[in-house]
Structure formats: structure tokens, C-alpha cells
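A.B. asks:
Residue numbers (our numbering), protein chains in the order written: chain A, 1 to 321; chain B, 1001 to 1321.
#1: Residue 1192 of chain B to residue 1298 of chain B, Cα distance in whole Å?
#2: Are the CB atoms of residue 1316 of chain B and residue 1204 of chain B nearer to each other than 8 Å?
#3: With distance defined between alpha-carbon atoms, name the residue in B:1102, B:1096, B:1056 nearest to residue 1074 of chain B.
#4: If you count every other CB in all the chains shown that lies within 10 Å of the CB of residue 215 of chain A, and 16 or more means buried, which is it?
#5: Counting along the chain, where does the alpha helix (DSSP H) carrying residue 1237 of chain B start and finish?
#6: Bridge partners of residue 1086 of chain B, per DSSP?
#7: Could you check which residue in B:1210, B:1079, B:1140 has the C-alpha nearest to that of residue 1320 of chain B?
#8: Can the beta-carbon of residue 1175 of chain B be found closer than 8 Å to that of residue 1309 of chain B?
#9: Any contact of the region 44-56 of chain A with the region 175-189 of chain A, i.e. 3+ C-beta pairs under 8 Å?
#10: With a cut-off of 8 Å on the beta carbons, I'd call residue 1267 of chain B and residue 1255 of chain B a contact; round off their distance for me.
#11: Excluding five sequence neighbours on each side, which residues of the same chain lie with their C-beta closer than 8 Å to the C-beta of residue 249 of chain A?
#12: Could you tell me which uninterrupted alpha helix (DSSP H) segments, each at least 4 residues in length, are contained entirely in the region 7-47 of chain A, listed from first to last along the chain?
#13: With residue 1064 of chain B and residue 1047 of chain B assumed to form a contact (beta carbons below 8 Å), what rounded beta-carbon distance in angstroms separates them?
#14: Can you tell me which of the three DSSP states residue 1230 of chain B falls into?
#15: Considering Cα atoms alone, identify which of B:1083, B:1278, B:1295, B:1117 is closest to residue 1239 of chain B.
#16: Does the region 1103-1110 of chain B come close enough to the region 75-84 of chain A that 3 or more CB-CB pairs lie under 8 Å?
#17: So residue 275 of chain A is in the alpha helix (DSSP H); what residue range does that whole segment cover?
#18: What residues from chain A crowd round residue 1233 of chain B, counting only those whose CB sits closer than 7 Å?
#19: Quick one: any contact between the region 1-10 of chain A and the region 37-46 of chain A, if contact means 3 or more CB pairs under 8 Å?
#20: Residue 275 of chain A and residue 243 of chain A - do their beta-carbons sit closer together than 8 Å?
#21: Alpha helix (DSSP H) containing residue 1122 of chain B: first to last residue?
#22: Would residue 1213 of chain B pass as a contact of residue 1272 of chain B if the rule is Cβ separation under 8 Å?
#23: Using a Cβ cut-off of 7 Å, pull out every chain A residue sitting near residue 1030 of chain B, in sequence order please.
#24: Should the region 134-154 of chain A be called in touch with the region 28-37 of chain A, which here means at least 3 C-beta pairs below 8 Å?
#25: Excluding the 5 residues preceding and the 5 following residue 1313 of chain B in the sequence, name in chain order all residues of the same chain whose CB lies nearer than 7 Å to its CB.
#26: Cα separation between residue 1087 of chain B and residue 1226 of chain B?
#27: From residue 117 of chain A to residue 127 of chain A, what does the alpha carbon distance come to, in whole angstroms?
#28: Straight-line CA distance for residue 1189 of chain B to residue 1172 of chain B?
#29: Does any C-beta atom of chain A lie closer than 8 Å to the C-beta of residue 1025 of chain B?
#30: Is residue 140 of chain A near residue 1108 of chain B, with beta carbons less than 8 Å apart?
#31: Please state the DSSP three-state secondary structure of residue 1318 of chain B.
#32: Assuming residue 70 of chain A and residue 136 of chain A form a contact by the criterion Cβ under 8 Å, report the distance between their Cβ atoms to the nearest whole angstrom.
#33: Taking residue 154 of chain A as the reference, give the member of A:252, A:95, A:23, A:98 with the closest Cα.
#34: List, in chain order, every chain A residue whose beta-carbon is nearer than 9 Å to that of residue 1277 of chain B.
#35: Quick check on residue 1 of chain A: does DSSP put it in helix, strand or coil?
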């Protein structure tokens, strides 16, 4: 099964779940957040990996739904915390309803995650819960670190990588690993797939940081330098601050208060180019990509299938927008 | 084992859980909310019932902790929604930290609930999850209804009872039922204990409404008529509004805007006395108490033990403050 087919299988499953389970007052916002779409990347990965390991589609579909439900739960609560008015071009749940309803429907989503998981076969339930809870707690920890960083003047690169690893890497790791777990893969393969996914997630986020400023403007389709304008401390900013001399540090700090967005972005780009931070970021991204592939290499799956997974990850990690 | 001993066993277990598991940045607010104390009634019930059914203490302790964790999670998120500054005389989590941290640490608590449950024996895990999730979703639904009621002019008694049943009854029902489930009680006993607990919870909440205005002032230890002052639509208020004639309805509506709290409470009491709403509330409370006891009667446990449970519930339901 190619990943596109896994994706399609998931979308059908999600549609019938929504029709059967997400009616009623409390769950209207849950249905709404699903209606906004999204790539459904994580559930497609779980299903695809499961099928590469010759698993049972009926077993993995609910687990894939639980992963997507958790991801959407985290979007609803993160949007409150970030005071974001829009998600995928539409009103966020707390804007369409209100903050209390967004808190509460997010809570209900988290309960639904576990209600869905509780339908797993009895001998898979405990290991699936353990794997899932490990990732879920790490996602919470990552979000807490991200919020803490907003109030810190300087962040070092290690702490930043830790944060993005927790906030986005672990759930990707769990998406790969749970597909394998439900297909009776070995403990070693499950662990390697988790690490493969986690490191791929870190490399993906670093790439996202780079593309914000250095992406193909036509293809990006969003404002170039959005992170700079929002004063987000991405890996570019952190590298710049670490390498800057006294004068350049002063310029970086002054830049934060520049009101004209275009001028702000061009000032940043000028300084970042001088400091060659794109090269640093590319290098560190490659390092995590390499680590991901080392884990992939170690799994016990035939080379054709391993190459399919590698090609998929390379595709994710070489987009230009 | 008497319930006091169950309570003590729980407190010891909670203390060591907190020491071993609730350190670290993300979980400091979780440890804080536990540090505020509380009666630990629900976990004591689970343990006590489990022991009355000759269950294994080591099995029920984690389930009791999961129940108490869920209860405390709901307090953290409800306090945000209610904008409450104080909980048990101390700052609420969102006041001591901030709203985002309270949302996030509440989320982490909900994941911890399931991480604790995942340690149950394999053959108990699925039924315990099903039972627990049923109650947890109902608690969310009850909180949503409670918030909806704030924006409604009139609420009928049936809707009010539905709301308090979901918001406070179901978790009490689950506390009784899970203790029995883990001690291999029959499906019938588990269901009856759930209904017993749920109806007891409803009667308890009705009593709470009555005591707010008619409790023994010296023993209440809090402001008499606090619900009246806060314009809460309790069962007294709903009965009054249902029975009032046109003039009395006008008085009730006017009362809402009375600025002097003492005058407001005495106006309400005068009207409530004329309309005999205490008698109505007492009658409906008795009805739910009776229904609770009918379920208790049907369980397959020796009469001495059943009487202990009945005495415990009567004690809960006849306090004067």
C-alpha cells in the first residue's frame, strides 16, 4: 500500500467516525476542527507503516484516528495559548465559540483519544497506551518549554532542539512506532522507528525555520520572514545571536523593535547572511536527518520497503516551500 | 476495612506518587493542586468498595489515584472557566501561575490519569477504561451544560438535574463502580453501584443547594445565601421561578439586580418561604436518595456490608452544613 492509499483509507474512516460520533452540543467544536482539514500526515504514516509490516488495517485505523484526534486537540488548546484567531484560514475554536468552550471541547477530545484507543485488541492495549502516553506527555512538556522561551532573553541551541523535539518530534515518532507496534514488529524496530520519526520531525522543524526566510517566495505562499516579524526565536535567530559580536548583538536587539515589517526582515536577512546562519542551520538539519536515517537503516524490513520510507522522508525534508 | 482506613491508605499512596512522579517544571502545578488537600472522598470510596468485595489493594490504589487525578484536573480547568481566584483558600493554579500554564498542566493531568490506568492488569484495563471514559465524557458534558445555563433566562428542573447528574453524579458513580469492577464484581453489581453513586451525587448536590440558604449558619462556616448573591440558578431558584405568579416572577427578576447582598438574601428567603421551595427541594432530594438506595438494595453483597454503605451515604446526605 502506498502512503497515498493509507491517507485515503484514513479519510474515509474519519468521515464515518465524524458522522457517527461527533454530533451533539459538546462535540460540535470537535467536528468543526476536523472539518478544517489538514494533511492527515500522522495517521497516514501509522497506517502505511502498519501495512508495510503486514498489519491488519482494521486494527490500525482507530489508532491512527487517536493520533489525529490528539494532534487536533493540541491545535485547539495551543491556539488558545497563542491567542491565534485563525487556523487554516478559518476561525479558531476559541474565536468561533469562546475560550471556555475551546478548553472544554479540547478536554473532551483528549478523553475521546483514549476512548478510541480502548477499542484496541486486549494484548495491544497496554503497550499502545504506554507508547502514546509517553509521546503525549512530551508534547505537553514541549509546549510548556515553548511558552517559557517567550520570556527568556536568550535560548541556546540545545534547549531549542529539545523543545522542538518534544513539541513536534515525539508525536511524529509515535505515529511511525504505533503502526509497527500494532503489526507485531519487534521492540527494536518500534524503538528505531520512534527515533527515526522524532529526528525527522526535528529536521523538518529546522527546515521550516530556514524556509521562513530562505524559502522560494513564489512557492512559500506566505509572508517571507514571518518568524522574524513575530520575533520568534528560531534556529536562525539563535545561531545569529550566538555568533554575533557586540555590535551585531546590539543590532539584533534593536531589530526587535523595528516597526516596519519589510525593513525588519531585510535588516535580519542582511545580518543573518553576514553571519552565515543559513549554513549553520542547514548543517544541523543534515545532522538530524542523518541520525534519522541511521535508525531507519537498523530496522528489520526488506530494503525495498526501507527505501520507500527513506524516499518519503527525503521528500518531506527537501521541500523548498 | 472501614472507609477511614481506605482514606488513609490512599493518602499514603498519593504522597509517594507525588514524591516519585510530580517533580519537574511542567508538573509543579499538578503537585500544587494536590498540596491543597481535599477530602479525597472519591478515591477512598473506590478503595473501600473494592475491599468490601475482597479485592486487591494494590490493584485498586492506582485506579483510585486516577479518579482523584481526574477530579483535580477538572478543578484546575473549571477554575479557569469560572475565573475563580481561590480554591480551598489558596490561589488557583491559573492565578498562581497563569491561564496558559493552567490549561497545559490540566492537559498533562488528563494524560497522567491514563498513564496511571495503563498499569492495571491486562484483563481489567479495557473495562476500566470504558467505565472511566463514560464518566469523564459526561463530566465534560455537564460542565458545558452548566456554562450554557449561565446564558439562559429560565432553566427547567429536569435540565438542571441532568446537568448536576453529569457534572457531579457520574464521577461519584464511577468511584463506586470501579472499586467493584477491579474486585471482579458482577456486571449487575457494577451497574447498580454506578447508579447508586450517581443518584447519591444528585441528592448531595440538591442538599448543597438547600444548605446554602437553609443550613445551620454557625456550622456552614460560609456566607449564607452565597448562591443567591452570585445569581446561581440552584434548585431553590428554579422551583421558585416555576411556582411564582406574575408579581412574584417580577420580584425574582428584580432581585437579581439588588446590590446589597444581605438585602438580596433576605428578599430571596422571604419569597422562597412563601413559595415553600425548601419543601419541594427536600422532596426531590428524597426521591433521588430513594432511587440510590433501591440500586444499593439490589447488589449481591452481604447485608452487613450493604448497611455500612447505606450508613455512609445517609451520613453524606444528612449533614446540616
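For every residue, glycine included, the Cβ atom is placed at its ideal position computed from N, Cα and C.
C.D. replies: In short, the structure shows the following:
#1: One alpha carbon belongs to residue 1192 of chain B, the other to residue 1298 of chain B, and they sit about 7 Å apart.
#2: Contact: yes.
#3: When only C-alpha atoms are compared, the closest one is B:1102.
#4: It is buried - the Cβ of residue 215 of chain A has at least 16 other Cβ atoms within 10 Å.
#5: Residue 1237 of chain B -> alpha helix (DSSP H) spans 1235-1243.
#6: Answer is B:1091.
#7: B:1210 is the residue among B:1210, B:1079, B:1140 whose C-alpha sits nearest the C-alpha of residue 1320 of chain B.
#8: Going by beta carbons, residue 1175 of chain B and residue 1309 of chain B fall outside the 8 Å limit.
#9: Yes, they touch.
#10: The C-beta separation of residue 1267 of chain B from residue 1255 of chain B comes to about 5 Å, placing the pair in contact by the 8 Å criterion.
#11: Leaving aside the five residues that flank residue 249 of chain A on each side, the residues in its chain whose CB is nearer than 8 Å to its CB run, in chain order, 241.
#12: You should have 28-35.
#13: Confirmed, Cβ separation roughly 5 Å.
#14: In the structure shown, residue 1230 of chain B sits in coil (DSSP, three-state: anything other than H, G, I, E or B).
#15: For the residues B:1083, B:1278, B:1295, B:1117, the minimum Cα distance to residue 1239 of chain B belongs to B:1278.
#16: Contact holds: three or more Cβ-Cβ distances are below 8 Å.
#17: If you look at residue 275 of chain A, you'll find it isn't in any alpha helix (DSSP H); DSSP assigns it neither H nor E.
#18: Here the premise fails: no neighbours, minimum Cβ distance about 18 Å.
#19: Judged by Cβ distances under 8 Å, the region 1-10 of chain A makes contact with the region 37-46 of chain A, as three or more pairs qualify.
#20: Against a cut-off of 8 Å, the Cβ pair of residue 275 of chain A and residue 243 of chain A comes out as a contact.
#21: Start and end: 1122-1150.
#22: Contact annotation: residue 1213 of chain B and residue 1272 of chain B have beta-carbon atoms nearer than 8 Å.
#23: Those do not exist, as residue 1030 of chain B stays about 11 Å from chain A at its closest Cβ, beyond 7 Å.
#24: Verdict: no, contact absent.
#25: Taken in chain order, the residues that qualify are 1200, 1292.
#26: Across the structure, residue 1087 of chain B and residue 1226 of chain B are spaced so that their CA atoms are roughly 16 Å apart.
#27: Here the alpha carbon of residue 117 of chain A sits roughly 11 Å from the alpha carbon of residue 127 of chain A.
#28: Spanning the two alpha carbons is a distance of roughly 15 Å.
#29: True, the Cβ-Cβ gap to chain A drops below 8 Å.
#30: Yes, they are a contact pair.
#31: It is coil, neither helix nor strand.
#32: The Cβ separation is near 6 Å, so the contact holds.
#33: Measuring from the Cα of residue 154 of chain A, the nearest candidate turns out to be A:252.
#34: Neighbours of residue 1277 of chain B on chain A: none; closest Cβ ~29 Å, over 9 Å.
#35: It is coil, neither helix nor strand.
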